[in-house]
Amino acid sequence: MRSRLPASVAAVSLLATLVASPAAATTPVVAAALTDDSDSNVISFVNEDADANDTSGDAFAVVRRPDDDATTPWAILDDSLTIFPGDEQGIVDETDTAPFLAAVDTDTDATATWALDVSGVTGPLFVNVDLAAMGDFEASDVMEVRAAVDGGDAIIATATIDEAGSRTYTLADGDSFVLNDPANVGSEPSVPLTADFTTVSLPVPAGDTLAVTVVANLNSGGETFAARNIVVTAEALGPVVATAPPPPPPATCTTADEDLTLISEVQGSNPDPDARWDSPLDRQEVTIRGVVTLADDDLDGYFVQEEPVDDDGDPTTSEGLFVFDRRELPVEGQTVELTGTVTAFFGLTQLSFPDTEVCATELVTIAPTSLQLPLDRQGRENLEGMLVTNGQDLQVTGLFTAYRFGELGLALDGPLIQPTSVFAPGDDAAALADDNADRLLKVNDRNEAFGQWNPYPWERFDEGLSAGDTFPAGRVVGALGYSFGDFKIEPVDNEVGDPSARIFFPESDDTDVRQPAPALADGNDVVAFNVLNYFNDFDGRGARNADQFADQTAKIVDAITAMDAAVLGLVELENDYGDHYDDDPGTVPSVQTLVGALNDATAPGTYDWVVPDEDILIDGGLGPDAIAQGLIYQPAKAEPVGPAATFDIDALLSGDSDNNRWPLAQTFKLDGEFIEVVVNHFKSKGSPCTDTAGPGFAFGDDVGSDLTGNCNLTRVYAAERLVEWVAGGATGFPTNDTLLVGDFNAYEEEAPIETLVEAGFTDLVEELGNDAFTYKFDGRFGRLDYAFASPSLLPKVTDAAVWQANSREPVGFLYYNDPIDLTAYASSDHDPVIVSLVSDGVNGADGRGQGKARGRR
């Protein structure tokens, strides 16, 4: 029968028992939660459905009401005294202001969990909880208290429903009513759940952390469940209720083996590596059973792999499969049974939105298959969808973020070399291109690249990552997917399985550390440096705002001052020389802005720039292109002689006017010699030239090539015109000592470079600088940046070097990606080329035979 306790007693009945009883001396409180201001040793509290609670009581709510609060779910309260006359069927008196947890009419399991610190106790413990419930319950209603020590299996005290029984409740005014289907906690013995809070006790072993969880799922009208005063002691404070471990899950995934299709049968075996390969079961409905190896929202699905016992042992058939499904993802390691139609999505075999059943089995760990390079497309097809790991030490070769794909490229014996840096376009270069593809392994970042850049799209990636760093065998683990025409490892999360074996954002071995700027023995006299769209007006090219421009400037200034060169030929400056002549002090050429920053970083007058005469400009620019070349120098080391010169290098071309950028030439007195420095920037490999014609080729002839890129004929034409211009005296000063520098957009064995060499110019980096690369593209490295010496100048050159401050860096350090630092590294996407001269012509390349064998750094 229901009784009414005064609020001061009812609110703290269990704690009062501890204080008042003789057991208090021997039953100290180890931990307590949800009490009247007496909580202790509470680590955390999680109410999983708190946001769903409203006045209808859809989830658990922790309630502590003042006398005038009318917001608590109605069925929990007895408000018969003042607030809601006639509401006499709740649990908690309206004068009761102590906290309690309550739920009414939950649609799903409402769950609230306390983590309690119970360390330091050697013997067994009891979880004592005050519980109350009222209503006509149904067999589907759930009320439980769970207790788990140190993450172990929970024991559960369950409220069972007596559908044949009834219980009479007496109200405060003496009236009574009968509720059918009452609930009792535990069994043999059990404790009735009534509208009065009653203490029950659950035995638990000793440990460090105790998790106490209260669960309710009350899916019909008006049932109420409440709990308060969770107190952990060494002795039971109430009846000890019977508990049990969680019941085993019901049998699932019962499809007979003969009705299942093996994943290897879905993938099939393709004997023709050149043929398009779809599944032999394409468009057929199948039922498969497999283990989830990788599940990620960014994938819009997950990968499954055949259960180990059903692996067919055939290396030509894959055991893995992708499942395209944006619904709730299964857990990695779960076994699932899937029924759906086999399709191919741009070459990736998959099931789409299949009927899914998660099998009630233990989590399964799939050992990754060792992927050995070199491996052709057929070999990768045989592993499609499977969990794999790199079977060999691999080097970083691809830092693809410049194209916002965010992929990491690893290669056997990398970094990879551009084929036409080694061989002239032809069969040997094509063979090297095929070998590069077989030695390259891409690791996908999924969608990270589109939201993060600093310093690399993967936020947790090794910040010291650069091309040439080594990933030891077994460092990368993931499912082998296929997208955008390439097989890519989709790396697994390091929180799954063995963290030492599965690393999502792996650290590389920093085997290729940053190098300082070269300091050549006879001084750094001339530098060629592509400064990657240095624009001071933020009009859509280069820096987008003042902050980005400040970062870009700081990095370029650090690079230039570190090289301390007498003369620098710059490429990809804004073509805004007209700003020097517009009588507007608010607009100055970008090159002038850079020189000002250099002098601020060093001393006034340390650097100056070559000002082209206005009469050689067209529409205020050095040619029609948006970018142009520039020359800066240190007056203490070099002296310009005569005016600068340029010419319309594309004058004989028809069609597109934006082809090769006009060169800029200036004679300098340098180390006692008069040297003509010509800065160049030939047409890029990426833009089309189908609308360009010239001497020896017609419209449509200058099409792209897998080996040379686009516009090869346009660049050959530019090389021929440049040779003619220099031979005729580019600056008009009587000297044959010419140095051609800049970005020629052609690799070493391509026709534009051969044209210059055949005209008598010497590639100084090949001759004296070990032929080092200066640029990366698509995971392959080669040289686009050069310094060519005329025959008369060559004996006066003592050394040449490339400073690989940029090509090895991830573009996540570039100015527009909020760089980690403002140093010279990743100040551009091209490496600078440095040349050293002597004035007497002795000890040069001819004088001491200093040419080096071809090689790669």
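If you number the sequence shown the way my numbering does, the last residue is 1351 and the count never jumps.
Glycine included, C-beta positions come from ideal geometry on N, C-alpha and C.
Predicted, not measured: the structure shown is a model, and the values here were computed from it.
**Helix, strand or coil at L1067 according to DSSP, with G and I counted as helix** = L1067 sits in a strand when the DSSP states are folded into three classes.
**Prompt:** The alpha helix (DSSP H) spanning L1326 covers which residue range?
**Reply:** Note that residue 1326 is Pro in the sequence shown here, rather than Leu. Unbroken run through P1326: none, as it is neither H nor E.
**Request:** Alpha carbon to alpha carbon, how far is L865 from I782? Give it in angstroms, no decimals.
**Result:** Approximately 25 Å, taken between the alpha carbons.
**Request:** Just grab the DSSP bridge partners of V970 for me.
**Result:** Bridge partners of V970 according to DSSP: none are assigned.
**Asked** If you scan the segment 794–836 from start to end, which runs of the beta strand (DSSP E) of 3 or more residues do you find wholly inside it?
**Response** Secondary structure within the segment 794–836: the beta strand (DSSP E) runs of 3 or more consecutive residues, fully enclosed, are 795–800 and 814–818 (chain order).
**Message:** At the level of alpha carbons, what is the spacing between F978 and Y796?
**Reply:** CA-CA distance, F978 to Y796, rounds to 18 Å.
**Asked** Which residues mark the beginning and the end of the alpha helix (DSSP H) in which R640 is found?
**Response** Boundaries for R640: no alpha helix (DSSP H) harbours it, while the beta strand (DSSP E) harbouring it runs V636 to V643, taken from the DSSP string.
**Prompt:** Which whole-angstrom value is the C-beta distance of G1273 and G903, which I expect to be below 8 Å?
**Reply:** Confirmed, about 4 Å.
**Message:** If you follow the beta strand (DSSP E) that M628 is in, where does it begin and where does it stop?
**Reply:** Unbroken beta strand (DSSP E) run through M628: L619 to M628.
**Request:** Would you mind sorting F981 into buried or exposed? The rule is 16 or more other CB atoms within 10 Å of its CB.
**Result:** With 16 or more other Cβ atoms within 10 Å, it is buried.
**Item:** Helix, strand or coil at N711 according to DSSP, with G and I counted as helix
**Value:** Here N711 sits in strand by DSSP.
**Asked** Taking just the CA atoms, how far does A1159 sit from I1110?
**Response** About 12 Å.
**Prompt:** Once you ignore the five residues that flank N674 on each side, which residues in its own chain have a CB closer than 7 Å to its CB?
**Reply:** Result list for N674: D630 and S660, in chain order.
**Asked** Rounded to the nearest angstrom, how far is the Cβ of V1220 from that of T1232, given a contact under 8 Å?
**Response** At roughly 5 Å, the Cβ-Cβ gap stays under 8 Å, so V1220 and T1232 are in contact.
**Delimiting residues of the alpha helix (DSSP H) encompassing R1008** = Note, R1008: premise wrong, no alpha helix (DSSP H); not H, not E.
**Asked** How would you label L857, buried or exposed, when you count the other beta carbons within 10 angstroms and need 16 or more for buried?
**Response** The residue in question, L857, is exposed, as its Cβ has fewer than 16 Cβ neighbours within 10 Å.
**Minimum C-alpha distance to E1133 - residue among G1117, V1171 and F1275** = Residue V1171 is the option with its Cα nearest to E1133.
**Message:** Let me confirm a value: P522 is counted as buried when at least 16 other C-beta atoms fall within 10 Å, else exposed. Which label applies?
**Reply:** By the neighbour-count criterion, in which a residue is buried when 16 or more other Cβ atoms sit within 10 angstroms of its Cβ, P522 is exposed.
**Asked** Between A1013 and A1240, what straight-line distance do the alpha-carbon atoms span, to the nearest angstrom?
**Response** Put simply, the backbone Cα of A1013 is about 27 Å away from that of A1240.
**Inter-residue spacing [alpha-carbon to alpha-carbon] between A606 and G646** = Going from the Cα of A606 to the Cα of G646 covers about 18 Å.
**DSSP-derived helix/strand/coil call for A1022** = A1022 falls in the strand class under three-state DSSP.
**Prompt:** In or out: I1112 buried (at least 16 other Cβ within 10 Å) or exposed?
**Reply:** Here I1112 is exposed, its C-beta having fewer than 16 other C-beta atoms within 10 Å.
**Asked** Taking all protein chains shown into account, do 16 or more other C-beta atoms lie within 10 angstroms of the C-beta of V1197, making it buried, or fewer, making it exposed?
**Response** The residue in question, V1197, is exposed, as its Cβ has fewer than 16 Cβ neighbours within 10 Å.
**Request:** Give a yes or no on whether 8 Å exceeds the smallest Cβ distance from K1179 to chain C.
**Result:** The structure shown has no chain C; it contains just one protein chain.
**Item:** C-alpha gap between L463 and T891, whole angstroms
**Value:** This structure cannot speak to residue 463, because the chain is shown only from 495 to 1351.
**Message:** For the pair the segment 1241–1248 and the segment 871–879, tell me if three or more CB-CB distances fall below 8 Å.
**Reply:** No: fewer than three Cβ pairs fall under 8 Å.
**Request:** Only counting runs of 3 or more residues, tell me where the beta strand (DSSP E) segments fall wholly within the segment 866–930, in order along the chain.
**Result:** Segments of the beta strand (DSSP E) lying fully in the segment 866–930: 881–884, 888–893 and 902–905.
**Asked** Assuming R933 contacts L910 under a Cβ cut-off of 8 Å, what Cβ separation, rounded to an integer in Å, is found between them?
**Response** Correct: roughly 7 Å between the Cβ atoms.
**Request:** Measure the alpha-carbon distance for Y1269 versus L893 and round it to whole angstroms.
**Result:** Inter-residue distance for Y1269 and L893 is about 12 Å (C-alpha atoms, whole angstroms).
**Asked** How far does the alpha helix (DSSP H) with V1217 in it reach, from first residue to last?
**Response** Unbroken alpha helix (DSSP H) run through V1217: N1206 to A1221.
**Asked** Under three-state DSSP, which class holds V1332?
**Response** In the three-state scheme derived from DSSP, where H, G and I count as helix and E and B as strand, V1332 is classed as coil.
**Prompt:** Sorted by chain position, which residues of the same chain lie with C-beta nearer than 7 Å to P1157's C-beta, five sequence neighbours on each side aside?
**Reply:** If we look at P1157 and ignore the five residues flanking it on each side, its Cβ neighbours are Q1123, T1140, I1143, V1172, V1173, N1174 and L1216.
**Which listed residue (A627, A1224 and A1044) has its alpha carbon closest to that of G1090** = Considering only alpha carbons, the answer is A1044.
**Request:** May I ask you to report which of helix, strand or coil DSSP gives G646?
**Result:** Coil at G646, not helix or strand.
**Message:** Just to confirm, is the Cβ distance from E813 to Q828 under 8 Å?
**Reply:** With a cutoff of 8 Å on beta-carbon distance, E813 and Q828 are scored as not near each other.
**Prompt:** Should A1299 and V1329 be called a contact, given that it needs their Cβ atoms to be closer than 8 Å?
**Reply:** Not in contact: A1299 and V1329 (Cβ atoms no closer than 8 Å).
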